[in-house]
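The structure appears below as structure tokens.
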């Protein structure tokens, strides 16, 4: 994060999504939720889950209102690495966060620049 000129707070481990190394932190007045995407054996791209539990202990998408300012998805694959830093407003626009009748999503697949020969629906 220091390469970005940010001064991050001490990260707080996320209760859920531990297999994706989930944590939250703050930097320069902004809040962040972070996940590490995983390479999957049968499909190109890198998969990541992000959800929370409701009062009935059921997995649900994050809500726009409660979500931090940005989502950080890190991809590390041997010598290749990169990050997707997505503002909360874009997550709402793309219907990833639950908001006003939008169901939201609990997982996504990310395609860094080194992924090629992608399926046209990717």
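In the numbering used here, the protein residues as written are 7 to 128. Glycine residues also receive a C-beta, built at the ideal position from the N, C-alpha and C atoms.
Determine the DSSP secondary structure at residue 97, reduced to helix, strand or coil. In the structure shown, residue 97 sits in a helix (DSSP, three-state: H, G or I).
Below 8 angstroms between beta carbons: does that hold for residue 43 and residue 87? In this structure, residue 43 sits away from residue 87, with a CB-CB distance that is not shorter than 8 angstroms.
Nearest neighbour of residue 108, chosen from 121, 68, 61 [CA to CA]: Per the Cα distances, 68.
Which term fits residue 84, buried or exposed, when burial requires 16 or more other beta carbons within 10 angstroms of its beta carbon? Counting Cβ neighbours within 10 Å, residue 84 comes out exposed, since fewer than 16 surround it.
Can you name, in chain order, every residue of its own chain whose Cβ lies under 6 angstroms from the Cβ of residue 7, other than the five neighbours on each side? Any answer about residue 7 is weak, because its pLDDT of 47 lies below 50 and its placement is not dependable; what the coordinates show is given next. The answer, listed in chain order, is 14.
Start-to-end residues for the beta strand (DSSP E) that takes in residue 32: For residue 32, the uninterrupted beta strand (DSSP E) run begins and ends at 29-33, by DSSP.
To the nearest whole angstrom, what separates the beta carbons of residue 38 and residue 18, a pair I think is in contact under 8 angstroms? Actually they are not in contact, since the Cβ atoms of residue 38 and residue 18 sit about 11 angstroms apart, beyond 8 angstroms.
Would DSSP call residue 121 helix, strand or coil? If DSSP states are grouped into helix, strand and coil, residue 121 belongs with coil.
Quick check on the DSSP output: the beta strand (DSSP E) that includes residue 38 runs from which residue to which? Start and end: 36-42.
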